[in-house]
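First comes the structure, then the notes that go with it.
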Amino acid sequence: MSKHIFVTGGVVSSLGKGLTSASIGMLLEQRGLRVRMQKLDPYINVDPGTMSPYQHGEVYVLDDGSETDLDLGHYERFTNSPLDCHSNYTTGQIYQSVIEKERRGEFLGQTVQVIPHVTNEIKDAILQPAAPDVDVVITEIGGTVGDIESQPFLEAIRQFSLDVGKENCLYIHLTLVPYLKAAAELKTKPTQHSVGQLRQIGIQPDILVCRTERSLSHDNRAKIALFCNVPVEAVIEEKDKSFSVYEVPMSLVEHGTDELIVRKLGLNAGPLNLDRWQDLLHRLRNPEHEVRIAVVGKYAEHRDAYKSIYEAIDHAGVHHRARVHIDRIHSEAVGDEGAESMLAKVDGILVPGGFGERGIEGKVDAVHFARTRGIPFLGICLGMQCAVAEFARNVLGLENANSHEFDADTPHPVICLLDEQKQITDKGGTMRLGAQPAKLAPGSKAAACYGTEEISERHRHRYEFNNKYRQKFVDGGMTFSGTSPDGSLVEAVEVPDHPWFVGVQYHPEFKSQPTRAHPLFAGFIGAALQRRSARGKSTV
Ligand code: GLN
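Residue numbers for the sequence shown follow the numbering used here, so the first one is 26 and each next one is one higher.
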């Protein structure tokens with residue numbers, strides 16, 4: 026029978042519950058345990074697919090096509106837990122399922138209520154990843170204790186321990202212990218209040234993980250322990266990590282977190298093996314080269330909007346032992362100020378995915394700059410589509426070539442709606458989503474990176490290269506280095522007489538791991554390093 030760990034958060038949002046949960050998952054795996062990760066999000070959207078990145082950061086896509094919260098990206102980067110549609114539930118999904126059951130008559134005669142119907146549905150969701158061969162399921166509850174939407178989820182996890190036995194559940198609460206400059210003190214009261222709120226609904230946390238900018242003194246910990254009704258050893262300090270998120274597990278180990286969890290849940294765990302992780306941190310801390318990459322997108326100021334892309338770039342840096350400086354560049358600013366002034370110093374240019382017309386011309390300008398100056402270029406999804414439009418306009422002479430998404434009247438719709446999308450009107454969960462196989466052309470840069478010609482990558486798009494233009498592009502010198510296995514959909518494009526110019530219709534960033542950089546990102550950063558060293562400045 027699987028044991029269950031619940032991770033809740035208090036005081037403020039953005040404390041890093043996802044990273045802490047992922048780090049705990051990683052540590053338990055490195056003690057030989059089989060772990061499954063799950064996130065419950067209290068918002069009412071069925072999934073984050075229809076939310077703006079300003080609201081929610083990136084949408085993280087799984088192999089099975091689920092559009093999920095970006096914390097699932099942390100789970101995949103830190104752990105080996107397989108993830109699928111049962112790994113992320115929202116209030117929207119829970120209610121949808123309850124209401125469908127009601128319509129089918131499954132609750133005939135009853136009044137359908139939050140308790141027990143909604144809470145039962147949540148408890149069923151929590152049980153989905155549990156299995157005889159799974160030692161621990163870690164379920165993170167999104168939001169902050171006290172949020173009105175969180176109530177049914179907290180009530181459900183309270184009931185859960187009665188159902189499966191207290192000894193099989195562990196509650197970890199992440200809180201903030203702020204430092205007040207005026208008083209020159211760390212303040213424990215917000216943590217006391219937050220735990221007080223949890224206890225009011227019947228949850229006594231077993232472990233408190235305290236986010237703080239300064240180390241907690243023994244007195245601080247003793248005070249928190251007394252007021253929050255936990256032993257002092259269960260008050261864990263998690264100090265801010267300015268260097269890398271991959272340090273978080275180390276600080277948890279330092280304070281005995283893995284051992285405490287293993288003991289409290291009675292898990293049959295082995296010794297902790299952190300060799301791989303130590304090697305990763307060593308490489309991160311001791312780079313031998315450096316390189317500067319521009320990411321040109323319309324959410325440049327928003328760190329979470331291109332989360333997996335920034336991570337994948339860092340992983341490729343680790344692979345090459347290079348410190349990567351990322352210039353987050355506003356595509357609209359490129360349009361306004363000109364590519365030269367914004368991109369002249371970089372060694373590589375990446376244009377990420379996106380939707381909507383804003384900033385498109387700046388992205389096309391960035392592609393043009395990369396292509397004509399021989400700067401390594403990686404275009405992802407919309408980035409590839411911009412590369413196609415740029416090539417059409419400036420190499421093939423197809424004036425005003427564009428994607429139908431941005432210009433319904435373009436004379437040259439080089440990117441058009443996928444056939445399968447033409448009848449679809451609903452916006453939620455209806456794109457071409459998830460893992461799809463593709464074949465790569467022998468001798469292409471993509472095939473060289475992957476070291477194979479058969480790949481599977483995750484997708485999230487409605488538009489595709491317009492096959493009517495294929496011959497024109499081939500004649501003009503662009504190659505289609507990746508297609509769907511039947512050849513009908515373009516999956517990758519390249520410009521062979523350029524040092525490194527690759528555009529892909531899919532999202533390689535979702536499959537990059539810190540200790541196993543994605544081959545395309547590794548190829549891209551490798552090319553950028555080469556360009557930098559050719560200009561005589563690659564070492565740190
Ligand atoms: N908006 C484009 C499409 O739907 C690109 C999508 C993306 O970049 N994820 O095809």
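The beta-carbon is built from N, C-alpha and C at its ideal position, and this holds for glycine as well.
Cβ-Cβ distance between residue i and residue j below 7 Å
i	j	result
Ser506	Leu465	yes
Thr216	Ile249	yes
Ala47	Tyr114	no
Ile374	Gln410	no
Asp160	Leu285	no
Val32	Ile197	yes
Ala542	Ala341	yes
Arg457	His484	yes
Leu40	Leu199	yes
Glu534	Ser333	yes
Gly387	Glu357	yes
Met503	Val529	no
Val220	His29	no
Arg246	Val260	yes
Val255	Gln222	no
Thr237	Lys264	yes
Gly322	Pro401	no
Asp372	Ala553	yes
Gly50	Val36	no
Leu421	Phe394	no
Leu309	Ser276	no
Opening and closing residue of the beta strand (DSSP E) in which residue i lies
i	result
Gln63	60-66
Ala259	Where Ala259 is concerned, there is no enclosing beta strand (DSSP E), given that its DSSP letter is neither H nor E.
Tyr488	488-490
Asn13	This structure gives no information on residue 13, because the portion of the chain shown stretches from 26 to 565.
Val36	First-last for Val36: undefined, no H or E at that position.
Arg457	457-465
Arg236	232-237
Cys441	438-442
Leu241	Segment: none, Leu241 is in no beta strand (DSSP E) and carries neither H nor E.
Thr200	194-201
Tyr114	113-115
Residue i, buried or exposed, once every other Cβ within 10 Å from all chains shown has been counted against 16
i	result
Leu108	buried
Asp66	buried
Gly476	exposed
Ala156	exposed
Glu210	exposed
His243	exposed
His307	exposed
Ile449	exposed
Gly453	exposed
Ile182	buried
Best match in the options for proximity to residue i [C-alpha to C-alpha]
i	options	result
Tyr494	Asp149, Met76, Ser428, Glu125	Ser428
Ser38	Asp172, Asp300, Val257	Asp172
Val316	Val123, Arg183, Ile550, Lys289	Ile550
Ala417	Ile405, Pro401, Arg396, Cys406	Arg396
Gly43	Pro274, Pro521, Leu309, Ser537	Pro274
Gln184	Ile226, Ala553, Gln153, Val376	Ile226
Thr435	Gln446, Glu445, Leu423	Leu423
Leu152	Met62, Thr169, Met76	Met62
Cys110	Ile385, Gly459, Asp329, Glu279	Gly459
Asn492	Gly291, Leu514, Asp158	Leu514
Arg353	Asp329, Asp361, His345	Asp329
Glu54	Thr237, Asn293, Lys266	Asn293
Gln538	His523, Leu97, Arg56	Leu97
Arg398	Tyr531, Asp522, Val60	Asp522
Gln80	Asn70, Asp89, Cys194	Asn70
Tyr531	Ile480, Thr540, His327, Ser175	Ile480
Lys447	Ser558, Arg557, Ala414, His486	His486
Arg239	Lys214, Leu201, Tyr271	Leu201
Pro203	Glu180, Arg383, Asp451, Glu262	Glu262
Glu365	Val343, Gly295, Glu313, Val392	Val392
Asp89	Gly134, Glu478, Ser112, Thr104	Ser112
Where the alpha helix (DSSP H) through residue i begins and ends
i	result
Ala181	176-189
Lys289	282-290
Thr136	From DSSP, Thr136 is part of no alpha helix (DSSP H); its letter is neither H nor E.
Ile385	385-398
Asn493	Just to set this straight, residue 493 is Lys in the shown sequence, not Asn. Looking at the DSSP string, Lys493 is not in any alpha helix (DSSP H), and its letter there is neither H nor E.
Tyr475	470-475
is_contact[residue i, chain C] using C-beta, thresh 7 Å
i	result
Ile318	Protein chains in the displayed structure number just one, and chain C is not present.
Beta strand (DSSP E) runs contained entirely in the region 302-376, provided each spans 3 or more residues = 314-322, 347-355, 373-376
Residue ranges of each beta strand (DSSP E) within the region 139-175, 3 or longer | 161-166
4 or more residues per run - each alpha helix (DSSP H) lying fully within the region 495-563 = 495-501, 544-559
Quick one: which unbroken beta strand (DSSP E) runs of 3-plus residues sit fully inside the region 47-106? Chain order, please.
-> 60-66
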